[in-house]
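Asker: One structure is given below, represented as structure tokens, and several questions about it will come after.
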Amino acid sequence: MNVKELDALYVANTYARFPLEITSGKGSLLTGADGKEYIDLGTGIAVNTLGMSDPAWTAAVVAQLERCQHTSNLYYTEPCARLAQALCERTGMKRVFFSNSGAEANECAIKAARQYATKKGAGYHTVITLQNSFHGRTITTLAATGQEAFHRQFLPLTEGFLYTPPNDLPALRQLVAENKVAAVMFEVVQGEGGVSVLDRDFVQGMAELAEAEDILLIADEVQTGNGRTGTLYGYMQYGITPDIVTTAKGLSGGLPLGATLLGSKTAEVFTPGTHGSTFGGNPVCSAAALHVLSRIDDACLSGVRERSALIFQSLSGAKGIKSVSGLGLMIGVEPEKSADAVLAECMAKGVLVLKAKHKIRLLPALNIPLDLLRTALQVIKDVCAEGV
Numbered sequence: 094m095n096v097k098e099l100d101a102l103y104v105a106n107t108y109a110r111f112p113l114e115i116t117s118g119k120g121s122l123l124t125g126a127d128g129k130e131y132i133d134l135g136t137g138i139a140v141n142t143l144g145m146s147d148p149a150w151t152a153a154v155v156a157q158l159e160r161c162q163h164t165s166n167l168y169y170t171e172p173c174a175r176l177a178q179a180l181c182e183r184t185g186m187k188r189v190f191f192s193n194s195g196a197e198a199n200e201c202a203i204k205a206a207r208q209y210a211t212k213k214g215a216g217y218h219t220v221i222t223l224q225n226s227f228h229g230r231t232i233t234t235l236a237a238t239g240q241e242a243f244h245r246q247f248l249p250l251t252e253g254f255l256y257t258p259p260n261d262l263p264a265l266r267q268l269v270a271e272n273k274v275a276a277v278m279f280e281v282v283q284g285e286g287g288v289s290v291l292d293r294d295f296v297q298g299m300a301e302l303a304e305a306e307d308i309l310l311i312a313d314e315v316q317t318g319n320g321r322t323g324t325l326y327g328y329m330q331y332g333i334t335p336d337i338v339t340t341a342k343g344l345s346g347g348l349p350l351g352a353t354l355l356g357s358k359t360a361e362v363f364t365p366g367t368h369g370s371t372f373g374g375n376p377v378c379s380a381a382a383l384h385v386l387s388r389i390d391d392a393c394l395s396g397v398r399e400r401s402a403l404i405f406q407s408l409s410g411a412k413g414i415k416s417v418s419g420l421g422l423m424i425g426v427e428p429e430k431s432a433d434a435v436l437a438e439c440m441a442k443g444v445l446v447l448k449a450k451h452k453i454r455l456l457p458a459l460n461i462p463l464d465l466l467r468t469a470l471q472v473i474k475d476v477c478a479e480g481v
């Protein structure tokens with residue numbers, strides 16, 4: 094049997110896979126089992142921050158593998174401690190809990206918020222999230238996700254979540270006034286919800302309301318974090334400081350790692366035995382993340398913004414394209430024809446893009462070469478213009 098046949102027979106049927114097997118890659122060029130090269134504008138859904146098989150990243154991973162691959166969190170390891178230090182120093186947060194994924198990072202944030210809120214008295218456990226948000230696929234993070242389509246098959250979900258429209262501060266104020274609220278959780282760019290960017294006034298108003306009511310503000314930076322939006326974390330463009338920041342995806346550049354960054358209010362909410370993760374802070378994943386963070390410097394972030402401007406300039410107003418949205422290298426392109434058709438045609442022409450609802454989603458490596466990016470953008474423009 095070939096790989097596709099084996100997958101169909103033995104792998105749980107949870108993914109509508111594209112008809113392509115990736116066998117290798119270098120930077121922003123991937124090679125398929127069909128022998129073709131593809132320009133990668135998806136990076137494993139914002140995971141391969143530095144592209145595929147980056148030599149320096151690979152060397153950092155291999156060096157740690159040759160020392161120790163795992164110890165459990167009953168012992169200290171240097172990469173875990175150094176990574177926590179780096180994250181705190183670059184964000185102003187106080188402590189970090191490490192896990193394996195964005196959903197786990199968000200679960201931890203919810204636990205921390207509810208533990209913190211016990212000081213306010215009984216019943217202060219409600220977490221408000223935004224309609225069209227996405228926070229994960231566990232039963233609790235599905236409950237946090239403000240999209241009913243994700244809920245229907247898995248009821249009953251964890252209780253204690255309410256949803257409010259994005260960019261509607263009066264609606265949020267009303268929910269806070271009528272409920273015992275522990276936290277408000279948000280993404281500055283709703284990726285799975287269609288690459289929609291929150292308004293600056295709304296985010297700042299949300300932060301002011303949270304401070305006034307002693308409600309925790311949780312920034313879900315699972316997809317927007319680690320340089321993706323042109324700053325280390327997306328909230329940094331809004332002039333606010335969250336109480337908790339969650340991240341994963343691009344943090345370790347291709348290995349599974351989630352992180353929940355705890356600010357001064359929540360730094361001490363957990364004590365030994367109240368939370369844990371077997372693989373969280375794994376030394377190999379932590380070494381990979383330390384390398385990624387070392388590369389996300391001012392020059393890298395400037396390059397992200399330069400590439401973002403190129404994408405917006407190239408695609409905005411182009412034939413067959415209704416709109417372009419997003420921040421940095423987290424971009425949504427709304428075509429006049431179906432997103433599925435554009436995705437398939439781009440793949441046939443050697444460019445890999447993703448989808449978010451009715452939009453094409455672009456999540457290229459932060460360091461994608463400009464010539465490859467220009468080539469890919471021309472393919473997207475040609476595909477979107479064809480037949481319209």
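Start counting the sequence shown at 94; every next residue gets the next number (the working numbering). Every residue gets a Cβ at the ideal spot worked out from N, C-alpha and C, and that includes glycine.
For residue 163, count neighbouring Cβ atoms within 10 angstroms of its own Cβ and tell me buried if that reaches 16, exposed if not.
Answerer: Label assigned to residue 163: exposed.
Asker: Do the CB positions of residue 211 and residue 239 come within less than 8 Å of each other?
Answerer: No.
Asker: Apart from the five residues on each side of it in sequence, which residues of its chain come closer than 8 Å, Cβ to Cβ, to residue 180?
Answerer: Answer for residue 180: 186, 189, 352, 354 and 386, listed in chain order.
Asker: What does the alpha-carbon distance come out to for the pair residue 195 and residue 475?
Answerer: Roughly 35 Å between the two C-alpha positions.
Asker: Which residue wins for smallest C-alpha separation from residue 453, given the options 477, 464, 465 and 461?
Answerer: Minimum Cα distance to residue 453 is reached at 477.
Asker: How would you call residue 451, buried or exposed, if buried means at least 16 neighbouring beta carbons within 10 angstroms?
Answerer: That one is exposed.
Asker: Any chance the region 341–349 sits against the region 251–270, with 3 or more Cβ pairs inside 8 Å?
Answerer: The answer is no - the region 251–270 does not touch the region 341–349, with fewer than three Cβ pairs under 8 Å.
Asker: CB residue 446 to CB residue 134, shorter than 8 Å?
Answerer: Yes.
Asker: DSSP three-state label for residue 291, please.
Answerer: Of the three classes helix, strand and coil, the one that applies to residue 291 here is coil, per DSSP.
Asker: With a cut-off of 8 Å on the beta carbons, I'd call residue 422 and residue 462 a contact; round off their distance for me.
Answerer: With a Cβ gap of about 13 Å, residue 422 and residue 462 do not count as contacting.
Asker: Figure out for me which residue from 481, 373 and 471 has the closest Cα to the Cα of residue 415.
Answerer: Cα-wise, what sits closest to residue 415 is 481.
Asker: Measure the alpha-carbon distance for residue 359 versus residue 101 and round it to whole angstroms.
Answerer: In a straight line, the C-alpha of residue 359 is about 45 Å away from that of residue 101.
Asker: Note down, in chain order, each residue of its chain lying with its Cβ closer than 7 Å to the Cβ of residue 121, except the 5 sequence neighbours on either side.
Answerer: Only 132, 133, 144, 457, 458, 461, 462 and 465 meet the Cβ criterion.
Asker: Which one of 267, 235, 419 and 242 has the shortest CA to CA distance from residue 252?
Answerer: Minimum Cα distance to residue 252 is reached at 235.
Asker: On a CA-only basis, which of 375, 214, 247 and 201 is nearest residue 41? Give me that one, please.
Answerer: There is simply no residue 41 to check, as the chain begins at 94 and stops at 481 in what is shown.
Asker: Under 6 Å Cβ to Cβ from residue 193, same chain only, skipping five residues before and after it: list those, please.
Answerer: Contacts found: 349, 351 and 372.
Asker: When DSSP builds the beta bridges, which residues end up paired with residue 278?
Answerer: Answer is 311, bridged to residue 278.
Asker: Measure from the alpha carbon of residue 280 to the alpha carbon of each residue in 317, 299 and 376, then state which is nearest.
Answerer: For the residues 317, 299 and 376, the minimum Cα distance to residue 280 belongs to 317.
Asker: Is the beta carbon of residue 241 closer than 8 Å to that of residue 269?
Answerer: No, these two residues do not count as a Cβ contact at 8 Å.
Asker: Pick out whichever of 469, 375, 444 and 435 has its Cα sitting closest to the Cα of residue 479.
Answerer: Selected option, being the one with the closest Cα: 435.
Asker: Within 8 Å, do at least three Cβ pairs link the region 288–302 to the region 320–333?
Answerer: Taking 8 Å as the limit for Cβ pairs, the verdict is that the region 288–302 does touch the region 320–333.
Asker: Can you tell me the Cα-Cα spacing of residue 127 and residue 441, whole angstroms?
Answerer: Each residue's Cα considered, the two are about 11 Å apart.
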